[in-house]
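Asker: Be aware that the sequence shown starts at 488, since it is given in the numbering used here, and climbs by one per residue.
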Amino acid sequence: MAQLIFSQLFRCLATATAIVCLQTVSMAQDAAALTWFQSDVQEGTASAWYRWAVDPAVADSESAELTIVTDGHCSLYVNGQRILKNVALEKSGGSVAALGFDVKSLLRQGRNTVAVEVHSADKVALVGIAISAVQGDHKSAVGGVWHMAPIVPPVGWQQTDFNDRDWLEAKPVTGEPGDRFTVAAPEKFAAPVMPAKVRTAPFQFEDGDHVVFVGATFFERAQLSEHLEATLAGTCGEKHVTFRNLGWSADTVFADSRGIFDKPDVGYLRMVEHIRAEEPTVAIICYGQNEALMSDMTPEKYTQQLGRLLDELAASGITCVLVSPHELLPTPPPIPSPARFNSRIRVYSEATASVAQSRGLLFVDLFSDFANRMREIDYEINSCYKLPPELDRQTDNPDTMAMVIYRSFSENGMHLTDHGYECASAIVRERLLDIPAELPVVVVDPKSQSVESDAVNIRDIKWDADNTKVLTFALQEKFLTALPTVISIASEDANSVSIEGVTIQSGDKTEPLMQRTFLASHVNDAGRGRSFATQSNPQYEALRQLVRRKNELYFHRWRPQNITYLFGFRKHEQGNNAADIARFDPFILELEKQIHELQQPSWRKVTLQFR
């Protein structure tokens, strides 16, 4: 009898156990169990930094649901993309509402990193987290290895390629959150970031924009002169717009140059996550020139990889603007002219345009009519100054003159000089923002005593009472630019107007205006007017130098010369020097404040004295 009772009891227990197991499996299909980590201190408040290396198979999944909960403040990053920053989760009574995100768009096949930062108000920092791959009604938990920082980590710790060899393995804890709080499951799994804002042509910078330049040599070498950024910043006026140059010489859209000691695929991962770390609103992307010169490259490979990059940036909510490679310029013998490659570069320019059109992105064509437009802008600028002998355009041989002009743009036909970027930046502004690359002109008519301009703001016009011998007025360019401003004297016979001198006062500095040397004024009938041009705007030059200083500091921040010792495989040899990298940031921010103030054109006083 006892044996029979024991047998029946065993069957009942087995059935109950099976029911519990089935219920557990069913719950696991509904939501992945949270993995809990705890860090505590004896005194003060606790903080912790975790990195989770995961290799999720989510390619065939409908979504990837990430759940996170803590009773402190937390920051969350997935493959370098910030999702939360020092956020306190909603609490109600003794319950904390977990947050949920569908992070599939941020995950990739292969190596992925989830990074978590937690700060507690007491001695214990506790966080629970899980990722589930979802396919229909089935959910499978995603596993991986966790590590915890032994000390406050340096910048870049959230990125996948960060060297965490000195981090400790983080051991999950059980029984949490215990009686600290209960967990309310996420009501939904939201998108990790807001979708990219659609920008229509012509492009306009918006207040608060943070813009990154991504590309190869054209962007990196722009930092030597900084006409490019200064020209674009000069259009922003009172808007707060900041720029970061992530150009890398000889790079391709495959990030061939960014691998450093690693393969290009690691360099590509590094490029994407560094863009994400900047949290830009806009990425201006310029590739295609180096790809056109590679023997094993095809337009199809190029567009496929460009599309991959755009997909990754779209997942981060970044508005992308595509820029074509620029036309290469002729060079005189004995240098082989790189212009012979333009037929190949045209193919990649058209491929870039096709990608932009298919995705509804803005496209800046720097290939079509580039060399000719450079010459036109150069002609306008240099009509205002006395040229140095080596750049003197006065020659009877048009071919010789063309080569002299091209030599002023580039010494080798590929890499632009300071003057080359001065002209090219005006073209970028023209084709991106639809601001004509023309000299702003002020027309002065002594007969009617009028001062007018469509491109310049005018105020405080004063003619003296003594037979109009002196005219003064204030002007303000609508945009800061390297292009000179022209004062044109309009009259039925302008040459009969005798002018003693023309000066312009910028702050405490007064300079004479030079008469244009060989370009007839285009604002007067039959070119009868006489034109005087300002020297280079001192405010623009000051802005350009500030931009150069800011970008030099930023360059040392993101591409330090001793990067191997700071973040690479030799970082253990010199301690925690990488912590000093963040000290660049206050200096960069201070320069950006000065740039914002300086990019707003100031009023300048013009004085004309007539005989």
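All residues carry an ideal CB built from backbone N, CA and C; glycine is no exception.
On a predicted model such as this, the values are computed, not experimentally measured, just so you know.
Locate the beta strand (DSSP E) running through residue 524, then write down its first and last residues.
Answerer: 522 to 527
Asker: Do you know how far the Cα of residue 911 is from the Cα of residue 920?
Answerer: 14 Å
Asker: Quick check on the DSSP output: the alpha helix (DSSP H) that includes residue 907 runs from which residue to which?
Answerer: 905 to 920
Asker: What does residue 606 pair with, by DSSP beta-bridge criteria?
Answerer: 534 and 560
Asker: Quick one: complete alpha helix (DSSP H) runs, 4+ long, within the region 712 to 791?
Answerer: 714 to 720, 751 to 765 and 776 to 779
Asker: Between the alpha carbons of residue 669 and residue 605, how many angstroms are there, rounded?
Answerer: 18 Å
Asker: Count the other CB atoms within 10 Å of the CB of residue 1076; is the residue buried (16 or more) or exposed (fewer)?
Answerer: Around the beta carbon of residue 1076, a 10 Å sphere encloses fewer than 16 other beta carbons of the protein chains shown; the residue is thus reported as exposed.
Asker: Between residue 1039 and the rest of its own chain, which residues show a CB-CB distance below 8 Å, the 5 nearest in sequence each way excluded?
Answerer: 710
Asker: In whole angstroms, what is the alpha-carbon distance linking residue 968 and residue 1035?
Answerer: 16 Å
Asker: Can you tell which of 567, 647 and 625 has the C-alpha that lies nearest to the C-alpha of residue 598?
Answerer: 647
Asker: I need the straight-line Cα distance from residue 617 to residue 551, nearest angstrom please.
Answerer: 10 Å
Asker: Would you identify the three-state DSSP class for residue 539, choosing helix, strand or coil?
Answerer: strand
Asker: Taking contact to mean at least 3 C-beta pairs separated by less than 8 Å, is the region 727 to 735 in contact with the region 676 to 695?
Answerer: yes
Asker: Answer yes if the region 783 to 790 comes into contact with the region 668 to 682, meaning at least three C-beta pairs across the two stretches below 8 Å, and no otherwise.
Answerer: When Cβ pairs closer than 8 Å are counted between the two stretches, the region 668 to 682 is seen not to touch the region 783 to 790, the count staying below three.
Asker: Determine the DSSP secondary structure at residue 518, reduced to helix, strand or coil.
Answerer: For residue 518, the predicted structure reports a pLDDT of 43, less than 50, and the residue's modelled location is therefore unreliable. A value from the coordinates is still provided. Coil at residue 518, not helix or strand.
Asker: Which residue from 1046, 666, 971 and 522 puts its Cα closest to that of residue 581?
Answerer: When C-alpha distances from residue 581 are compared across 1046, 666, 971 and 522, the shortest belongs to 666.
Asker: Can you give the Cα-Cα distance for residue 603 and residue 537, rounded to whole angstroms?
Answerer: Their backbone Cα atoms lie some 5 Å apart in a straight line.
Asker: Keeping to the same chain, check which residues put their C-beta closer than 6 Å to that of residue 946; ignore five residues upstream and five downstream.
Answerer: Non-local beta-carbon contacts of residue 946 in its own chain, meaning distances under 6 Å to residues more than five positions away in sequence, involve 961 in chain order.
Asker: Compare the C-alpha of residue 540 against each of 724, 630, 1060 and 762 and name the closest.
Answerer: 630
Asker: Give me the residue from 1020, 777, 896 and 781 with the minimum Cα distance to residue 737.
Answerer: 777
Asker: Helix, strand or coil for residue 591 per DSSP?
Answerer: helix
Asker: Near residue 1103, what residues of its chain come up, given a Cβ to Cβ distance below 6 Å and the 5 sequence neighbours on each side ignored?
Answerer: With the chain covering 488 to 1098 only, the question about residue 1103 has no answer from this structure.
Asker: Might you give, ordered along the chain, the residues of its own chain that have their beta carbon closer than 8 Å to the beta carbon of residue 499, omitting 5 neighbours on each side?
Answerer: Low per-residue confidence applies at residue 499: pLDDT is 42, beneath 50, and the placement is therefore not dependable, though the value from the model is reported in the following sentence. Correct list: empty, nothing qualifies.
Asker: Report all residues from its chain with a CB closer than 6 Å to the CB of residue 743; omit the five preceding and five following residues, and keep chain order.
Answerer: 751
Asker: If I follow the unbroken alpha helix (DSSP H) through residue 1031, where does it start and stop?
Answerer: 1025 to 1045
Asker: Quick check on DSSP: helix, strand or coil for residue 1074?
Answerer: Note: residue 1074 maps to helix in three-state DSSP.
Asker: The beta strand (DSSP E) spanning residue 575 covers which residue range?
Answerer: 568 to 575
Asker: CB residue 1098 to CB residue 991, shorter than 7 Å?
Answerer: no
Asker: Pop quiz: residue 817 and residue 900 are said to be a contact at Cβ under 8 Å. What is the actual Cβ separation, rounded to whole angstroms?
Answerer: 6 Å
Asker: Closest to residue 909 by C-alpha separation, out of 607, 970, 849 and 894, would be which residue?
Answerer: 970
Asker: Measuring alpha carbon to alpha carbon, tell me which of 833, 596, 759 and 724 ends up nearest residue 775.
Answerer: Of 833, 596, 759 and 724, the residue nearest in Cα terms is 833.
Asker: Which class does residue 842 belong to by DSSP, given the choice of helix, strand or coil?
Answerer: helix
Asker: Check whether the Cβ atoms of residue 1085 and residue 1000 lie closer than 7 Å to each other.
Answerer: no
Asker: DSSP three-state call for residue 464: helix, strand or coil?
Answerer: Given a span of 488 to 1098 for the chain in the structure shown, any question on residue 464 remains unanswerable.
Asker: Rounded to the nearest angstrom, what separates residue 549 and residue 612 at their Cα positions?
Answerer: 33 Å
Asker: According to DSSP, simplified to helix, strand and coil, what is residue 662?
Answerer: DSSP places residue 662 in coil when its eight states are reduced to three.
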